[in-house]
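As you go down the protein sequences, you meet chains D and X in turn.
Each number in the numbering used here comes from the position in the first sequence (counting from 1) with 816 added on.
Each number in the numbering used here comes from the position in the second sequence (counting from 1) with 816 added on.
Single-structure report; data block below.
Number of protein chains: 2
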Amino acid sequence: MTQTAPARGYHHGDLPNALKSAALEVIDEKGLGGFSLREVARRAGVSHAAPAHHFGDTAGLLTVLAVDALGHMRRVMAEAAEAETDPVERLAAVGRAYVRVSREHPGHCQVVFRTDLVDTDDPALVAAGLATFEVVRGVVADLAAEMNPDLDIDTATRLCWSTMQGVVEIEQKMKLHAHHSGTGLSDTDDTISAFTRMLVEGLRAR
Amino acid sequence: MTQTAPARGYHHGDLPNALKSAALEVIDEKGLGGFSLREVARRAGVSHAAPAHHFGDTAGLLTVLAVDALGHMRRVMAEAAEAETDPVERLAAVGRAYVRVSREHPGHCQVVFRTDLVDTDDPALVAAGLATFEVVRGVVADLAAEMNPDLDIDTATRLCWSTMQGVVEIEQKMKLHAHHSGTGLSDTDDTISAFTRMLVEGLRAR
DNA sequence: GTTGGATCTTTACGTTGTCAACTTGACATC
DNA sequence: GATGTCAAGTTGACAACGTAAAGATCCAAC
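See below:
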């Protein structure tokens, strides 16, 4: 809640951003299930109908949050990629970053894939998706340049992103392990590393 | 709506199943966003509070539907596996089946991963998840037996399921293609085939 | 035949999203 | 400085929702 404006009187100054912050607070605390426009308005200290004035409806606000989530993902993944030099380690690092962000802000990241809550045709959302795709694509392209010039980079990129998102869904939302031990953090990192190895080397014996 | 009972008078005969059918109808027509206990009750021709009597609350009913969805998935995947002999083609067929079911009944399949709507600790749900896992595991195990005895089968199985679910999320919920042509059905089948090839052969050149 | 329990209804309460009508504040123009 | 105009918020209302509690109805066993 970094209030950049006086926020006194009838006019708030920067209500849209205040509402976005409040919305993220709610989602972080109570998850997407506990999200409501009225609760957001309450936290921002405005009337219950104020959010609709700026974002139209629930989908309007959540779509903006989805764009932000994709942007955050993109930045974190780009940073993770820059920190590694070996192309395989880079892919693994990007995967770890993706899954880590998805776990640190579950609700916020889930919004991206909640097509029932979001305007999937929103240009900003589509652009944010493509921009994030480009980061993964860059990593895959570097990998291909060094290890396999014949690789279909677009397809491989989609495979990698699908796998990363699948990990978020399967490993974190389903209870497949009889003994789910500890925080599961290092477990997930190990999973990503193992998956990356298999993706690069293949399931077939060499 | 196969009504197995007279459904006359005060007692319905088999309300729980009727409610499940009605719920699937609603979800199929209006998606998970349009789902409500009251609408389900309306379709089943009972009072709005009747569902709660049998399923406790919303999560109770949806959890049962999630179990059914996993069971349906398991059966369809098992059939697809039996129809192929080559282990690689088998894996591809299972993947296609998974994605096809997920698209044919989007709402129903999404319930499985909606941890906010479902009781993830429900024993039947956990069991259904494990049973479905076993089907994929069997296919991966056969693949390993023929092509790579050293393969970590559990990890490879999780990789395959993660990828399949990731395809459902990424390819169907995000608009990454500048030109999204036609029905996208054959596109998705091609995607699965390409992904399977890459999974088996690896991203690295041989 | 009556008693008990399961099944379903009725009533009620609080919460939600969204719409329409209203008020307030700021700013530009005359 | 008065006036017009428009965006920004408020207020009030409405229908729909989930769920809890209490009442009605049927079946079955004794």
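Even for Gly, the Cβ is constructed at its ideal location relative to N, Cα and C.
### Task
Check the C-beta distance from leucine 1015 of chain D over to cysteine 976 of chain D and give it rounded, since I have them as a contact under 8 Å.
7 Å
### Task
Verify the CB distance criterion: does glycine 1018 of chain D have a CB-CB separation below 8 Å to chain X?
So, interface residue.
### Task
Assess, as a yes-or-no matter, whether the stretch 824 to 844 of chain X is touched by the stretch 879 to 899 of chain X under the definition of 3 or more beta carbon pairs within less than 8 Å.
yes
### Query
Where does threonine 973 of chain D land, buried or exposed, given buried means 16+ other C-beta within 10 angstroms?
buried
#### Entry: CB of histidine 864 of chain X within 8 Å of CB of proline 832 of chain X, strictly
no
### Query
Do the stretch 889 to 900 of chain D and the stretch 951 to 958 of chain D touch if we need at least three Cβ pairs shorter than 8 Å?
yes
### Message
For the structure I just gave you, are there three or more beta carbon pairs, one from the stretch 922 to 930 of chain X and one from the stretch 847 to 857 of chain X, closer than 8 Å?
### Response
yes
### Message
For lysine 991 of chain X and threonine 931 of chain D, which I take to be in contact (beta-carbon distance under 8 Å), what is that distance rounded to the nearest angstrom?
### Response
Incorrect: roughly 10 Å between the Cβ atoms, too far for contact.
### Query
Measuring CB to CB, does threonine 971 of chain D end up less than 8 Å from valine 915 of chain D?
no
### Task
Select from D:Val984, D:Glu1017, D:Gln981 and D:Gly861 the residue whose C-alpha is nearest the C-alpha of asparagine 964 of chain D.
D:Glu1017
#### Entry: Spatial neighbours of arginine 859 of chain D in its chain, beta-carbon cut-off 7 Å, leaving aside the 5 residues before and after
Annotation for arginine 859 of chain D: Ala838, Glu841 and Val842 place their beta carbon closer than 7 Å to its own, counting only its chain and skipping 5 residues before and after.
### Query
By DSSP, does aspartate 958 of chain D sit in helix, in strand, or in coil?
helix
### Message
Mapping the DSSP letters down to three states, classify arginine 974 of chain X as helix, strand or coil.
### Response
helix
### Query
Since threonine 936 of chain D is in the alpha helix (DSSP H), which residue starts that stretch and which ends it?
First-last for threonine 936 of chain D: undefined, no H or E at that position.
### Query
Which residue comes first and which comes last in the alpha helix (DSSP H) that contains alanine 866 of chain X?
866 to 871
### Message
According to DSSP, is phenylalanine 851 of chain D part of a helix, a strand, or is it coil?
### Response
Coil at phenylalanine 851 of chain D, not helix or strand.
### Task
Compare the C-beta of glutamate 985 of chain D against all C-beta atoms of chain X and say whether one is closer than 8 Å.
yes
### Message
Can you tell me whether valine 952 of chain D is helix, strand or coil according to DSSP?
### Response
In the three-state reduction of the DSSP assignment, valine 952 of chain D falls in the helix class.
### Chain-order list of residues whose beta-carbon lies under 8 Å from that of leucine 933 of chain D (same chain, five-residue window excluded)
Within its own chain, the residues whose Cβ lies closer than 8 Å to the Cβ of leucine 933 of chain D, once the five positions on either side in sequence are excluded, are Leu848, Thr874, Ala875, Leu878 and Val927, listed in chain order.
### Query
So what does DSSP say about glutamine 819 of chain D, is it helix, strand or coil?
With a pLDDT of 35 at glutamine 819 of chain D, under the threshold of 50, the predicted position of this residue should be treated as unreliable, and no value is reported.
### Task
Return the residues of the stretch 853 to 887 of chain X that lie within a Cβ-Cβ distance of less than 8 Å from chain D, sorted by chain order.
none
### Query
Which residues, taken in chain order from the stretch 947 to 974 of chain D, show a beta carbon closer than 9 Å to some beta carbon of chain X?
Phe949, Val956, Leu959, Ala960, Met963, Asn964, Pro965, Asp966, Leu967, Asp968, Thr971, Ala972 and Arg974
### Message
With a threshold of 8 Å between beta-carbons, can threonine 979 of chain X be considered close to chain D, or not?
### Response
Yes - at least one Cβ of chain D is within 8 Å of the one on threonine 979 of chain X.
### Task
Look at the alpha carbon of glycine 887 of chain X and the alpha carbon of alanine 944 of chain X, and state the distance between them as a whole number of angstroms.
6 Å
### Message
Applying the 10 Å Cβ sphere with the 16-neighbour rule, what's the burial state of glycine 982 of chain D?
### Response
buried
### Message
Assuming contact is defined by CB atoms lying nearer than 8 Å, are leucine 1019 of chain D and leucine 1019 of chain X in contact in what I supplied?
### Response
no
### Message
If the criterion is Cβ atoms closer than 8 Å, does the pair histidine 828 of chain X and alanine 834 of chain X meet it?
### Response
yes
### Query
Nearest CA to the CA of glycine 872 of chain X: which residue from X:Asp935, X:Asp830, X:Ser1009 and X:Val862?
X:Asp935
### Three-state secondary structure assigned by DSSP to asparagine 964 of chain D
Asparagine 964 of chain D sits in coil when the DSSP states are folded into three classes, being neither helix nor strand.
### Query
Are the Cβ atoms of threonine 1012 of chain D and leucine 853 of chain D separated by less than 8 Å?
Not a contact, by the Cβ cut-off of 8 Å.
### Task
Spatial neighbours of methionine 889 of chain X within its chain, please: CB distance less than 6 Å, with the 5 preceding and 5 following residues excluded, ordered by chain position.
Val917 and Thr948
### Task
Go ahead and label alanine 961 of chain X buried or exposed: buried means 16 or more other beta carbons lie within 10 angstroms of its beta carbon, across all protein chains shown.
exposed
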